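Novice: Residue numbers (our numbering), protein chains in the order written: chain D, 7 to 242; chain C, 173 to 596; chain H, 11 to 430.
All C-beta atoms in this analysis are idealised placements derived from N, C-alpha and C, irrespective of residue type, glycine included.
None of the values given here were measured: they were computed from a predicted structure.
This structure is in structure tokens; I'll ask about it shortly.
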Amino acid sequence: MSIAARLVDVTKTYRVGDLKVPAVRGVSLHVESGAFLSFAGPSGSGKTTLLNLLGALDTPSSGTVWIGDRKTEGLSSRTLADFRNTHLGFVFQTFNLIPVLTARENVELPLQLLGIEDEEKRRSRVQNMLEEVGLGSLGDRRPAHLSGGQQQRVAIARALVKDPTVVLADEPTANLDSGTALEIVQLMQSMNEKFGTTFVFSTHDPLVMRHATRLVRLRDGQVESDERRNGGGLEA
Amino acid sequence: MKPEIIPGRLSVGATLRIAWRNLQRNRRRTWITASTVAVAVLLLQAIQSLMIGLERQSFDNLINYQTAHAKLFPEGYFEMRDEMPLEYVFSHLDELEGRVRGVSGVAAATPRLVFSAQISNGSDQVACLGVGIDVSGSDSDVFRISEAVVRGGYLAPGDEGILLGSGLAELFQVSTGDWLTVLAKTQAGAYEAVDLPVLGLVGTGNPLIDQNSFLLPLDAARVLLDMGPVATELAVRFSSSSGGDATLQRLREAMAATDGAEVKGWREMESDFMSLVQMKRTGQAIMLALFLVMAVVGITNTILMAAFERTREIGMLMAMGLRAAGIRRLFLTEGALAGLLGGAVGSLVAFAIIAWLTRVGIDLTAMYGDMDIGYPVRGVVYPAVDVIVLLVCWLATGVLAALASLYPAARASAQDPAEALRHV
Amino acid sequence: MSRPDRLARRKIPLWRMAWRNTRRNTRRSGLTGLAVTVAVAALTYGMAHVTGLLDHTIETYARVQSGHVRITRDGYTARERLQPMHLNVSELSRLLLPLRQHPAVEEAIPRVRASVLVDGASSNRPGLLLGVDLEREGPYLNPSGITVEGRVPGAGRPEVLVGRRFAETLEVGVGDSITILGQTAYRSLGGARLEITGLAASGMAFLDRVLLMASLDQAQDFAALEDAATEVVVFARDADDAENLSNELAAQLDGLSEDDLEVLSWEDQGPLIQTLDMVRPIFGVVLLLLLLMAGLIIINTMLMTVMERTHEFGMQAALGMRRSDIVRLILAEGLTIGLLGAVAGGALGTGVSILIEHIGINVGDAFSSVDFPIQGVVYPDWRVSFTLVSAFAGTLAAGLAALYPAWRAIRMTPAEALRS
Chain D
7 MSIAARLVDV TKTYRVGDLK VPAVRGVSLH VESGAFLSFA GPSGSGKTTL
57 LNLLGALDTP SSGTVWIGDR KTEGLSSRTL ADFRNTHLGF VFQTFNLIPV
107 LTARENVELP LQLLGIEDEE KRRSRVQNML EEVGLGSLGD RRPAHLSGGQ
157 QQRVAIARAL VKDPTVVLAD EPTANLDSGT ALEIVQLMQS MNEKFGTTFV
207 FSTHDPLVMR HATRLVRLRD GQVESDERRN GGGLEA
Chain C
173 MKPEIIPGRL SVGATLRIAW RNLQRNRRRT WITASTVAVA VLLLQAIQSL
223 MIGLERQSFD NLINYQTAHA KLFPEGYFEM RDEMPLEYVF SHLDELEGRV
273 RGVSGVAAAT PRLVFSAQIS NGSDQVACLG VGIDVSGSDS DVFRISEAVV
323 RGGYLAPGDE GILLGSGLAE LFQVSTGDWL TVLAKTQAGA YEAVDLPVLG
373 LVGTGNPLID QNSFLLPLDA ARVLLDMGPV ATELAVRFSS SSGGDATLQR
423 LREAMAATDG AEVKGWREME SDFMSLVQMK RTGQAIMLAL FLVMAVVGIT
473 NTILMAAFER TREIGMLMAM GLRAAGIRRL FLTEGALAGL LGGAVGSLVA
523 FAIIAWLTRV GIDLTAMYGD MDIGYPVRGV VYPAVDVIVL LVCWLATGVL
573 AALASLYPAA RASAQDPAEA LRHV
Chain H
11 MSRPDRLARR KIPLWRMAWR NTRRNTRRSG LTGLAVTVAV AALTYGMAHV
61 TGLLDHTIET YARVQSGHVR ITRDGYTARE RLQPMHLNVS ELSRLLLPLR
111 QHPAVEEAIP RVRASVLVDG ASSNRPGLLL GVDLEREGPY LNPSGITVEG
161 RVPGAGRPEV LVGRRFAETL EVGVGDSITI LGQTAYRSLG GARLEITGLA
211 ASGMAFLDRV LLMASLDQAQ DFAALEDAAT EVVVFARDAD DAENLSNELA
261 AQLDGLSEDD LEVLSWEDQG PLIQTLDMVR PIFGVVLLLL LLMAGLIIIN
311 TMLMTVMERT HEFGMQAALG MRRSDIVRLI LAEGLTIGLL GAVAGGALGT
361 GVSILIEHIG INVGDAFSSV DFPIQGVVYP DWRVSFTLVS AFAGTLAAGL
411 AALYPAWRAI RMTPAEALRS
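Here's what the structure looks like:
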């Protein structure tokens, strides 16, 4: 099985004033293509930092991050931006839709950023994607007129529309009620199965963790446990 | 599959759309910002139009009553023109006039004989300028003196009398029908005095004419000065359809071969006035600069606030792969649009005010009395709406606003995406 | 029962809270303050600039032309352009002393103003002969100050100071002699031959191209003005008092002189001063517009601050703060930021004004077509009061601008505010 992303002895230290705060301390990890991987752990355990490193939003203090066959080390911010543009999709706890764009325009944005000129092609891909996430008829609404769950569906459609190597989702369900949370993780899972897109997400919700095919528990910036499960979603 | 060239940027249309919607998102703030710009632009446009109106009227006045579009002087005269020397004259007038009229773009030409004189009413005497004009018609083809006669009538051929500047008439407390003594020095150096009746008064708004000049038929002037069929200058009017500068250039070229004639455009003759105009412009520019600085602060402020507010949104756009340049462009566009909006409001209000003033006019006499304010303009000034200038100013507002957004845009785009996303 | 107005006496640490609030988001407070800073600096400089422009013009006009009060023979002013020498102020020796003794008078000096022709090689050039009291003119026409070459003429000697530009057209220099011709008080032609001792540059083109300055006695001899001058200019200790002073002097002179005299304050002599005085309010409006712009910017940032703190205001209201307290708190915050910005702006404006006062702004070439005293270089004239007034106005504008956000803040009920 090919490798979607790889962390080799990665550390990340933040400076807070004069203090050095280690967020990630010597993590090595392989993420297989098609994985549905969840980071779990208490706040401050390094989940977000690892996701940022895997998402090329940040570079490690030491060690190497590979995404596909590219190292993120030493790349300019512009190259990183282009890299994210082509290879990565993001979903966030707070949805982070662009409030002034409609659902459809939000999903279309990554395609525009990819430089796809053919408007017809873009539109049809966007419409397909919106239908995949169950929002085929709500494309003209702005985020303010969508529920939290609907917004997160738009965010997932936006992450998937450009067919990325990896989708990174930081606490995608934390702002949702448990029913909606379940719907969202099931949607992610079905997308993972249907398109084979690799998903790496973080959560502290046991209900959500249960769906992961691989669960990496973190504590104090280190990997505490790494368990693989078949056919995710099985009761632990 | 994935395209090979990745622009990583938004199209102009998408950038404009997002920027515009962001402005709509916080309408109150947008309008307040736009009002700041509008105040500055209103002032700029209004003053601009007033000055353009004042200058145009002044230029028209100079051309109509004093300088014409261009003048031909005998070689050496121009340098000594303050003394109004009679040693430099054109004597082959017909030939010269023929040549000048042959130049394309020249509508009319007329000879004038300008001399220094004293006017006296018996007890008081004042130095002034005498101008002999061709009353048989050609002077009226070039100048508009006949339209400025405020009392009495214009001169007719054979008249033995003068048209007196209205200011001089007031000084001597004379009017049409009264007699004045004109004293002049002939070319030979002898003083000649002649009593002449005032046939009319001219009020042009131009102090040189009104306060300092009298006009008389060319023949009468020649007799007074004991001169033959000569002139000290040949004034030229260009046809309104011809480009002034091009005609002037052709006139120069045509006269280059003629010995003893110098061509001067009206701007050259009035360089003092031009520097006055320039000075007024500089003075205004200093005041207006203060307003522009204020407007710039307003725009910078708003865009900075917008950038702070939208930190997480910026982070998301970065996460999606929008390059820093794209982020910058978004904020620059937003600033420019806010500026253009304010500029449009300011310009429209200015346009309305100016359009109204253009009909009503501003009565300078009511404001300044008879004082010489440096512009040869009489009575009522009409501001001029120059749509091109208005538009250029408006577009310049957009550019300025974009420049004002440079700093906030740079700040927004220099953020670290992970950090920006963490922002609450 | 406790009455509500007893509650009003409880102490809210208004200013301390305001001060701390401004420091919560220093960047934004800085932005708000910046608007005040720029406005106050612009205001300070603007006032200095306008004063430099207008007051300098007026002052020069007074020094050279009008004095604060000018005494002439009746009918002279109307016919001034003809310079009728027969309309003169006589018996100077009797008039001047009582004038100078008037408590409001700083100085009273006679001047002879005569239009003359300078006899040149090829032609006669018109000039303006000013016969002045060389000693007393020090602070006014300032003969020694404007002398750029050679020296000031001596009293009682046939000497003359010539405007530099005039000398150029006449093609004469220091040491040369010129002959002047002109009308005398008896309406006959007079003449004099004067030696050029120096060249003058007053900075006023209209003067420098015609100026001939000689001592009073020489001009009197030339124009046959025995113990007489064409005018007596009076400078008041307080320029604003000119109108009063002119009335008093008119009354005083009525008994002193047998001539019919015309006593005019500078404002009555010509439209210049009135016009410039009319320009001043226009500049005032212009500067007010600047404040308005600053106010709008402050409203913008304060609104953002207030909207962000809606929740906090709800809580404060729940804790028992009144709406008026919240309004006062926001106003205090506006004033605090305003004051800080104003202090910075005052300093900046003062610095810029003083700097430019030394350099000057060249607004155009000296030109001669306008016959009032405008100079090609504008020097702003800064005064402490400008900085203080601007800073005060800026602070006040910030306080006023905070009113609208404050009103927005208290529009909601505490429950609504807490829910947001």
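(1) Which term fits Y196/H, buried or exposed, when burial requires 16 or more other beta carbons within 10 angstroms of its beta carbon?
(2) For F315/C, does the three-state DSSP call read helix, strand or coil?
(3) Is N58/D close to chain C, meaning its C-beta is less than 7 Å from at least one C-beta of that chain?
(4) Could you tell me which of A582/C, A360/C and V366/C sits nearest to E332/C, measuring between CA atoms?
(5) Whose C-alpha, out of A393/C, I317/C, V213/C and G324/C, is nearest the C-alpha of D232/C?
(6) List, in chain order, every chain D residue whose beta-carbon is nearer than 7 Å to that of I534/C.
(7) Taking Cβ-Cβ distances shorter than 7 Å, what residues in chain C pair up with R84/D?
(8) Which of helix, strand or coil does DSSP assign to P108/H?
(9) Only counting the same chain, and skipping five residues up and downstream in sequence, which positions put a Cβ closer than 6 Å to that of H1/D?
(10) Would you list the one or two residues that DSSP bridges to L221/H?
(11) Would you call R243/D buried or exposed, if buried means 16 or more other Cβ atoms sit within 10 Å of its Cβ?
(12) How about T530/C: is its C-beta nearer than 7 Å to some C-beta of chain H?
(13) At a Cβ cut of 8 Å, what residues of the region 296-328 of chain H count as close to chain C, listed as they run along the chain?
(14) At a Cβ cut of 8 Å, what residues of the region 457-468 of chain C count as close to chain H, listed as they run along the chain?
(15) Could you check which residue in L234/C, A527/C and G225/C has the C-alpha nearest to that of V314/C?
(16) On the three-state DSSP scale, how would you describe P329/C?
(17) Put L224/D into one of helix, strand or coil per three-state DSSP.
(18) Would you say N91/D lies against chain C (beta-carbon separation less than 7 Å)?
(19) Using a Cβ-Cβ cut-off of 7 Å, state whether G92/H counts as contacting chain C.
(20) Can you find a CB in chain H that lies within less than 7 Å of the CB of M492/C?
(21) For Q118/D, would you say it is in contact with chain C, using Cβ-to-Cβ distances shorter than 7 Å as the test?
(22) Below 8 Å, how does it come out for the region 472-479 of chain C and the region 307-326 of chain H: are there three or more Cβ pairs, yes or no?
(23) Note down, in chain order, every chain C residue with its Cβ under 7 Å from the Cβ of R66/H.
(24) How should D398/C be labelled, buried or exposed, when 16 other C-beta atoms within 10 angstroms of its C-beta is the threshold for buried?
(25) Examine chain C for any beta-carbon lying closer than 7 Å to the beta-carbon of L286/H, and answer yes or no.
(26) So the beta strand (DSSP E) I188/H belongs to, where does it begin and stop?
(27) So with CB distances below 8 Å, who are the chain C contacts of H112/H?
(28) V564/C lies in the alpha helix (DSSP H); which residues open and close that run?
(29) Which residues in chain C sit within 8 Å of G105/D, going by Cβ to Cβ distance?
(30) Are three or more beta carbon pairs between the region 207-215 of chain H and the region 151-163 of chain H nearer than 8 Å?
(31) Using the Cα positions of T403/C and D431/C, report the straight-line distance between them to the nearest angstrom.
(32) The beta strand (DSSP E) with T100/D in it runs from where to where?
(33) Please report the straight-line C-alpha distance between F232/H and F386/C, rounded to a whole angstrom.
(34) For V435/C, which three-state DSSP category applies?
(35) Would you tell me roughly how many angstroms separate the C-alpha atoms of A218/D and F207/D, rounded to the nearest one?
(36) Using a Cβ-Cβ cutoff of less than 6 Å, which residues in the same chain neighbour W203/C once the five nearest sequence positions on both sides are dropped?
Specialist: The short version:
(1) Translated into positions along the third sequence, residue 196/H becomes position 186. Exposed, because fewer than 16 other Cβ atoms sit within 10 Å of the Cβ of Y196/H.
(2) What you label residue 315/C is simply residue 143 of the second sequence in a count that begins at 1. In the structure shown, F315/C sits in coil (DSSP, three-state: anything other than H, G, I, E or B).
(3) For the purposes of this step, residue 58/D is taken as the residue at position 52 of the first sequence. N58/D counts as touching chain C.
(4) Locating residue 332/C in the second sequence gives position 160, where the first residue counts as 1. Comparing Cα positions, the closest option is V366/C.
(5) Residue numbering aside, residue 232/C sits at position 60 when the second sequence is read from its first letter. Comparing Cα-Cα distances from D232/C to each of A393/C, I317/C, V213/C and G324/C, the minimum goes to I317/C.
(6) Position 362 of the second sequence, counting from 1, holds the residue named residue 534/C. Within 7 Å Cβ-Cβ: nothing; I534/C doesn't reach chain D, min ~46 Å.
(7) Position 78 of the first sequence, counted from the first residue, corresponds to residue 84/D. Within chain C, the residues near R84/D are R495 and A496.
(8) Locating residue 108/H in the third sequence gives position 98, where the first residue counts as 1. Note: P108/H maps to helix in three-state DSSP.
(9) Look at the range of chain D in this structure, 7 to 242, and you will see that residue 1/D is not part of it.
(10) By one-based count along the third sequence, residue 221/H stands at place 211. DSSP output for L221/H lists L138/H as bridge partner(s).
(11) Because residue 243/D is not part of the residues shown, which for chain D are 7 to 242, the question remains open.
(12) Numbered from 1 along the second sequence, position 358 holds the residue referred to as residue 530/C. T530/C does not count as touching chain H.
(13) V296, L299, L300, L302, M303, A304, L306, I307, I309, N310, T311, L313 and M314
(14) I458, M459, L462, F463, V465, M466 and A467
(15) As a first step, residue 314/C is located in the second sequence; it is residue number 142 there, counting from the start. Ranking L234/C, A527/C and G225/C by Cα distance to V314/C puts L234/C first.
(16) One-based indexing of the second sequence puts residue 329/C at position 157. P329/C: coil per DSSP, three-state reduction.
(17) Counted from its first residue, the first sequence places residue 224/D at position 218. L224/D: strand per DSSP, three-state reduction.
(18) Numbered from 1 along the first sequence, position 85 holds the residue referred to as residue 91/D. True, the Cβ-Cβ gap to chain C drops below 7 Å.
(19) Taking the first residue of the third sequence as position 1, residue 92/H is located at position 82. The sequence given here places Leu at residue 92/H; Gly does not occur at that position. Answer yes: the Cβ-Cβ gap between L92/H and chain C drops below 7 Å somewhere.
(20) For this step, residue 492/C is matched to residue 320 along the second sequence. Judged by the 7 Å Cβ criterion, M492/C is not in contact with chain H.
(21) Within the first sequence, the letter at position 112 stands for residue 118/D. True, the Cβ-Cβ gap to chain C drops below 7 Å.
(22) yes
(23) Position 56 of the third sequence holds residue 66/H. It is His, not Arg, that sits at residue 66/H in the sequence shown. Residues of chain C passing the Cβ test: none, with the nearest at roughly 13 Å.
(24) As a working mapping, residue 398/C is identified with position 226 in the second sequence. D398/C comes out exposed.
(25) Counting from 1 along the third sequence, the entry for residue 286/H is found at position 276. Closer than 7 Å: no.
(26) By one-based count along the third sequence, residue 188/H stands at place 178. Per DSSP, I188/H belongs to the beta strand (DSSP E) from S187 to Q193.
(27) For the purposes of this step, residue 112/H is taken as residue 102 along the third sequence, with counting starting at 1. The contacting residues do not exist; H112/H stays about 31 Å from chain C at best.
(28) Looking up residue 564/C in the second sequence gives position 392. Start and end: V559 to A576.
(29) Residue 105/D sits at position 99 when you count from the first residue of the first sequence. The displayed chain sequence assigns Pro, not Gly, to residue 105/D. Chain C residues near P105/D: R197 and E485.
(30) yes
(31) Here residue 403/C corresponds to residue number 231 of the second sequence, with the count starting at 1. Here residue 431/C corresponds to residue number 259 of the second sequence, with the count starting at 1. Before going on, a small fix: residue 403/C reads as Ala here, not Thr. Each residue's alpha carbon lies about 16 Å from the other.
(32) Sequence index remark: in the first sequence, residue 100/D carries index 94 (1-based). Looking at the DSSP string, T100/D is not in any beta strand (DSSP E), and its letter there is neither H nor E.
(33) As a first step, residue 232/H must be located in the third sequence, where it is residue number 222. As a first step, residue 386/C must be located in the second sequence, where it is residue number 214. Straight-line Cα distance between these residues: approximately 31 Å.
(34) For the purposes of this step, residue 435/C is identified with residue 263 of the second sequence, where counting begins at 1. V435/C: strand per DSSP, three-state reduction.
(35) Residue 218/D sits at position 212 when you count from the first residue of the first sequence. Residue 207/D sits at position 201 when you count from the first residue of the first sequence. Rounded to whole angstroms, A218/D to F207/D spans 9 Å at the Cα level.
(36) Here residue 203/C refers to the residue found at position 31 of the second sequence. Once the five neighbours on either side are set aside, W203/C has no close Cβ partner at all.
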